[in-house]
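Trainee:
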Amino acid sequence: MSQSHRVRITSPNVAEAAPGLWSNCLKVEDTLYLSGFTSRANDGETIIGKDGYEQAKVIFQKMKDLCEAAGGTIDDVVTMTIFVTDIKENQGVWKARREFFSGDFPACALIEVKGLAKPEILVEIQGQARLAKK
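To convert a position in the sequence shown, counted from 1, into our numbering, add 3.
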C-alpha cells in the first residue's frame, strides 16, 4: 500500500507516541485503525483511573476524539479487542462502554493478560472503525 492511501489522524486531546514507535490512528480509505490505548495521561507517565471503569472511560474518550478528528463518531467503531489484567474488571469496562456507544455495539473480544506496560494499567483497548458515508 502506498503512503498516499494512508493518513495519520491526530487530535490535540490525545498525545502522540514518540517518533518511530507507532501511530495512534491511521486512516486508510474509510477505515480507521486505532492503536491499543491505555489511560496514560498526555504527560506520557501518569495513569488516570484506579479501576477498569475509570480507565476504560479515559480510553473510550481517546477513541472518540480520534474518530471525530477523522470526521466520524465513536459509533463508527466496528470492532475492539480489550485487554484486562483481571477478568473481574470486565463489568466496569462494559459500564463505561455503555456510556460511549449507542445502537449496535462493536464486535468485541475481552482477553485477560498477565500484565500491560505498567502495573497500574488495568485495561488496554484497540479497535477499528468504518467511517459512515456522508
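Just so you know, even glycine gets a beta-carbon here, dropped at the ideal spot from N, CA and C.
Tell me which residues share the same chain as residue 92 and place their Cβ nearer than 6 angstroms to its Cβ, disregarding the 5 neighbours each side in the sequence.
Mentor: Result list for residue 92: 55 and 125, in chain order.
Trainee: Below 8 angstroms CB to CB, which residues in the same chain sit around residue 75 once its five sequence neighbours on both sides are set aside?
Mentor: 35, 132, 134 and 135
Trainee: Do the segment 19-30 and the segment 100-109 touch if we need at least three Cβ pairs shorter than 8 angstroms?
Mentor: No, the segment 19-30 is not in contact with the segment 100-109.
Trainee: Keeping to the same chain, check which residues put their C-beta closer than 6 angstroms to that of residue 4; ignore five residues upstream and five downstream.
Mentor: In this prediction, residue 4 has a pLDDT of 49, which is less than 50 and means its spatial position is unreliable; nothing more can be read from the coordinates.
Trainee: Mapping the DSSP letters down to three states, classify residue 30 as helix, strand or coil.
Mentor: Three-state DSSP puts residue 30 in a strand.
Trainee: Comparing alpha-carbon positions, which option in 118, 113 and 119 lies nearest residue 3?
Mentor: The shown model of the chain, from 4 to 137, leaves out residue 3, and the question about it has no answer.
Trainee: Would you tell me roughly how many angstroms separate the C-alpha atoms of residue 13 and residue 87, rounded to the nearest one?
Mentor: Spanning the two alpha carbons is a distance of roughly 25 angstroms.
Trainee: So residue 100 packs on residue 44, CB below 8 angstroms; how close in whole Å?
Mentor: Not confirmed; about 21 angstroms, so no contact.
Trainee: Kindly indicate which residue of 90, 69 and 84 has the alpha-carbon position closest to the one of residue 117.
Mentor: The residue with the shortest Cα to Cα distance from residue 117 is 90.
Trainee: Among the residues of its own chain, which have a CB less than 7 angstroms from the CB of residue 81, if the five just before and after it don't count?
Mentor: If the five residues before and after residue 81 are omitted, its C-beta is found closer than 7 angstroms to the C-beta atoms of 109, 110, 131, 132 and 133, all from its own chain and listed in chain order.
Trainee: Quick check on residue 40: does DSSP put it in helix, strand or coil?
Mentor: strand
Trainee: Less than 7 angstroms between C-beta atoms, sequence neighbours within five positions excluded: which residues of the same chain meet that for residue 2?
Mentor: Only positions 4 to 137 of the chain appear in the structure, and residue 2 is not among them; the question remains open.
Trainee: What separation, rounded to the nearest whole angstrom, lies between the Cα atoms of residue 78 and residue 18?
Mentor: 22 angstroms
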